[in-house]
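58 is the number that the UniProt record's numbering gives to position 58 of the sequence shown; each next residue is one higher, with no gaps. Ideal Cβ placement from N, Cα and C applies to all residues, glycine included. For reference, the structure discussed in these notes is given below.
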Amino acid sequence: MPQVSITIAEGRTPAQLRNLMHEVHAAVLRTTDTRPEYIRVVVHEVRRALWATGDLTVTERDAAETGRTGEHGGQAAAPRPVTPAADEEQS
1 MPQVSITIAE GRTPAQLRNL MHEVHAAVLR TTDTRPEYIR VVVHEVRRAL WATGDLTVTE
61 RDAAETGRTG EHGGQAAAPR PVTPAADEEQ S
């Protein structure tokens with residue numbers, strides 16, 4: 001019983017997610033000897049602010065790439081990396 005788990009940043013429409021599940025289901029069906037009713041596809045949507053790559057959240061990366069303004073009207077600031085040493089200096 002194949003189970004495919006997909007983790008994806010939020011922002012797709014229900015129709016896009018449904019199409020994704022359909023296409024993954026079709027690929028598993030085509031490439032395995034499994035009955036269709038035994039194939040499981042689960043999509044986990046993650047809020048863009050809770051997914052980071054290279055110490056930038058997807059939200060921060062989106063803002064940097066598009067030049068959007070920050071929530072208080074100014075340019076979105078680049079995040080300051082927090083390290084244990086930096087935390088100790090602030091204490």
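- Complete alpha helix (DSSP H) runs within the UniProt domain "4-oxalocrotonate tautomerase-like" (2-60) (minimum length 4 residues, chain order): 14-31
- Given a cut-off of 9 Å, decide if glutamate 60 and isoleucine 8 are closer than it, judged by their beta-carbon atoms. no
- Message: Checking 9 Å against the spacing of the C-beta atoms, do arginine 47 and glutamate 23 come in under that value?
- Response: no
- Query: What is the rounded straight-line gap between the Cα of alanine 52 and the Cα of valine 58?
  - Reply: 6 Å
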